[in-house]
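Numbering (this note's numbering), first residue to last: -19 to 299.
Glycine included, C-beta positions come from ideal geometry on N, C-alpha and C.
All of these numbers come straight from a predicted model, not from anything done at the bench.
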């Protein structure tokens, strides 16, 4: 894609924000989002912005509130105060609407905030970015299951070891935050063996080897800065696919270490691809293998994952 095409397909702009819907996840960051939301709301008031506060009783209720406030045309922008999971929830209603999405990072991973250079740990600064109203157009990922149900995502979809770790995390109540994820990695790593998958890229290239994990990236990082797709570009119309192949525990450990420092593409057991679409299926002994994206459960496999060019619109710091 040349520069002229990119400017045409991925426009930038500024929206004058007079009315804003602010969605808060009261549980994100173990209550930190409530504090962040209050601080951001004071900034919005000082900037003369009317805020419609949204807080659903559960995820379905929150989606309904977001859907209704977008549909009635009252808002100039939608903002989320929470983590990547709450942003994912908002994307289900905001994607392809043209309504700019602002983010006040207040979760554990905050990989959306990391990708778009948003202030993390400072709700006031993040609120000023939103109030300025400068937005950029991006790609989004979309996952479709065998029943035709669809879910959007903004960062990365994972399959394999990562999915098993996420299953484990969701079963745990202690410890909190990143430490829970790290403990789940250790527990699953001790019992892990490679998994048989078939991955079909753009309907013509088939990968059918045992894998440790596969990541399908619209952006570069997941899990709080783990650079599993370090070369991903969120506005190129393609997803970066990182596959860690069959590996013993020592080599797998080295591969996981490289994810943290962004050198995973240099590891011998790692292969990288680019594609618009992939069909991902687990072909091993019967068991449920789940697809996760933005840190949340999407669907049991098999699934089709694809990039939808220009489907996202985020409020970001002005260049």
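Contact set for residue i: own chain, Cβ-Cβ below 6 Å, skip 5 residues either direction
i           : result
residue 302 : Because the chain in this structure spans residues -19 to 299, residue 302 falls outside the shown range and cannot be described.
residue 102 : none
residue 299 : none
residue -11 : 290
residue 276 : 65 and 68
residue -9  : 117
residue 4   : 13, 17, 35 and 61
residue 6   : 14
residue 138 : 195 and 272
Close-in-space but distant-in-sequence residues of the same chain around residue i (CB under 7 Å, 5 per side omitted)
i           : result
residue 249 : 224, 225, 227, 231 and 235
residue 214 : 95, 118, 119, 198 and 199
residue 165 : 145
residue 143 : 269, 270, 271 and 272
residue 203 : 89 and 161
C-beta atoms of residue i and residue j nearer than 9 Å
i           : j           : result
residue 284 : residue 251 : no
residue 59  : residue 295 : yes
residue 93  : residue -5  : no
residue 13  : residue 107 : no
residue 65  : residue 274 : yes
residue 201 : residue 91  : yes
residue 75  : residue 292 : yes
residue 71  : residue -7  : no
residue 54  : residue 29  : no
residue 127 : residue 169 : no
residue 83  : residue 98  : yes
residue 254 : residue 219 : yes
residue 34  : residue 25  : no
residue 19  : residue 104 : yes
residue 190 : residue 245 : no
residue 196 : residue 136 : yes
residue 89  : residue 47  : no
residue 50  : residue 73  : yes
Close beta carbons around residue i, own chain, < 8 Å, minus the five adjacent residues each side
i           : result
residue 240 : 205, 206 and 207
residue 44  : 36
residue -16 : Below a pLDDT of 50, predicted positions are generally treated as unreliable, and residue -16, at 47, falls in that range; the measurement from the model is reported next regardless. Once the five neighbours on either side are set aside, residue -16 has no close Cβ partner at all.
residue 163 : 152 and 155
residue 160 : 149, 152 and 154
residue 256 : 182, 217, 218, 219, 286 and 287
residue 130 : 122, 123 and 124
residue 78  : 293
residue 0   : 24, 29, 30, 31, 32, 55, 56, 57, 58, 59, 82 and 110
residue 326 : Past the edges of the chain, shown from -19 to 299, lies residue 326, and the structure says nothing about it.
residue 39  : 69
Contact belief for residue i with residue j at Cβ below 8 Å, rounded distance in angstroms
i           : j           : result
residue 2   : residue 31  : 5 Å
residue 174 : residue 272 : 19 Å between Cβ atoms; not a contact.
residue 63  : residue 87  : 2 Å
residue 125 : residue 279 : 4 Å
residue 303 : residue 172 : The shown model of the chain, from -19 to 299, leaves out residue 303, and the question about it has no answer.
residue 80  : residue 115 : 4 Å
residue 192 : residue 140 : 6 Å
DSSP-derived helix/strand/coil call for residue i
i           : result
residue 127 : coil
residue 276 : strand
residue 23  : helix
residue -11 : helix
residue 28  : coil
residue -3  : coil
residue 15  : helix
residue 5   : coil
residue 297 : coil
residue 264 : coil
residue 289 : strand
residue 122 : strand
Contact test: residue i Cβ vs the ligand ZN heavy atom, cutoff 8 Å
i          : result
residue 59 : Although the ligand ZN was asked about, the structure shown includes no ligands whatsoever.
Every unbroken beta strand (DSSP E) inside the stretch 37 to 120 [3 residues or more]: 57 to 62 and 81 to 85
Any alpha helix (DSSP H) of 4 or more consecutive residues that is wholly inside the stretch 133 to 216: 141 to 151 and 158 to 171
Taking the runs of the alpha helix (DSSP H) that are 4 residues or longer, which of them lie wholly in the stretch 209 to 258? 229 to 241
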